[in-house]
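Notes follow the structure.
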Amino acid sequence: MTVITTTQPEAPELDQSGPGRQADTDTLLKLYIFDCGKIDSVTAEEFGFKAGEIATEMTTPCYLVVHPRGALLWDTGEIPDSEIAVDGAPTRKRTFTSSRKLTDQLQEVGYSPDNIDFLAFSHYHNDHVANANLFSGSTWLVQRAEHEAMFDPSPDFERFGPVTPDQKFFCELKNSETILIENCDHDVFGDGRVIIKFTPGHTAGHQSLFLDLDETGPVLITGDMYHYYNEVNRPADFVNHVSNPLTTLSRQKIEAFSKEVGAELWIPHDIVEAPKFRLAPEYYR
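Residue numbering for the sequence shown follows this note's numbering, beginning at 2 and increasing consecutively.
The following block contains the structure:
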């Protein structure tokens with residue numbers, strides 16, 4: 002396990018000729034968005050809204066960032082690929098529904114678990130980590146606070162809120178090569194184009210992803226710091242945040258940062274905004 006304490010680490014040297022690696026010498030950043038399912042049975046009241054003010058469904062995308070120095074997978078879906086119907090029929094687990102396997106979507110753009118260099122999640126909730134064990138061969142980028150929470154032998158409400166980690170989805174990461182981020186921002190490739198932002202509150206080690214795309218411009222994938230655009234510029238008020246005050250502080254930090262660098266906020270769960278995003282095999286650059 003490798004521990005880092007800096008926001009500007011040396012970018013690792015990566016073997017670009019390994020088996021299965023996509024033949025891509027493009028120097029531009031690429032971002033693929035995958036359909037990893039939907040969530041229903043959401044109520045407005047649990048987010049501090051009145052009935053009818055927000056949608057009662059959510060989307061669950063996953064993201065692949067392709068940098069000249071490696072590939073980063075961000076979030077892994079809500080239903081394990083092994084449980085999704087092979088005929089493409091929607092598979093339902095509790096409030097989750099998915100009809101496409103993450104690995105199939107990766108394969109369509111020339112990737113597999115074997116050639117994903119880095120793995121990261123916004124946080125440990127089940128709708129973000131369902132396929133985590135498939136990527137145990139990748140280097141895992143995780144905040145120290147989140148790692149401690151995920152493998153804590155005695156979870157309690159103060160640390161986890163109403164949603165405790167389910168280790169069956171990520172148990173194989175315990176032995177993965179891991180970069181523990183010391184509860185701070187982390188420049189993944191050392192060039193300022195892919196930065197993990199520390200945004201605690203939804204969970205103790207929640208993180209968001211900043212991308213400086215050459216053609217699209219800067220974007221900030223927020224994770225679950227927000228679930229709807231209606232929540233921007235307002236205090237957090239959600240029953241499943243470990244800390245609403247801490248989430249509010251993270252929102253203020255990200256809103257100020259986004260304004261400073263001109264980044265567009267992308268809120269993954271907002272189903273109303275979802276149709277504007279291009280899904281893989283199309284990509285952003």
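Yeah, the Cβ is synthetic: ideal placement off N, Cα and C, and Gly gets one too.
Apart from sequence neighbours up to five positions away, the residues of its chain that approach Ala52 with a beta-carbon distance below 8 Å are Thr44, Ala45, Glu46, ordered along the chain.
Taken in chain order, the complete beta strand (DSSP E) segments of 3 residues or longer contained in the segment 160 to 234 are 179 to 182, 195 to 199, 208 to 214, 218 to 222.
For the pair Asp36 and Ala72, the CB atoms are not nearer than the 7 Å cut-off.
Counting only runs of 3 or more residues that sit fully inside the segment 121 to 160, the beta strand (DSSP E) segments are 140 to 144, in chain order. A distance below 6 Å between beta-carbons, with the five flanking residues on each side excluded, links Phe239 to the following residues of its chain, in chain order: Phe48. Ser251 sits buried, since 16 or more C-beta atoms from the chains shown fall within 10 Å of its C-beta. Contact between the segment 211 to 220 and the segment 262 to 270 is present: 3 or more CB-CB pairs across the two stretches fall below 8 Å. By the Cβ rule, the segment 170 to 183 counts as touching the segment 119 to 135, because three or more pairs are nearer than 8 Å. Here DSSP, grouped into helix, strand and coil, assigns Ser100 to coil. The beta carbon of His126 sits closer than 6 Å to those of Val164, all from its chain and outside the five residues before and after it, given in chain order. In the DSSP assignment, Val67 falls within the beta strand (DSSP E) that extends over 59 to 68. The segment 173 to 191 and the segment 139 to 147 touch, with three or more beta-carbon pairs separated by less than 8 Å. Counting C-beta pairs with one atom in each stretch, the segment 59 to 67 and the segment 255 to 262 have fewer than three that are closer than 8 Å, which means they do not touch. Contact between Thr249 and Pro236 holds: CB atoms are separated by about 5 Å, below the 8 Å threshold. Contact between Gly78 and Thr96 does not hold, since the beta-carbon distance rounds to 14 Å and is not under 8 Å.
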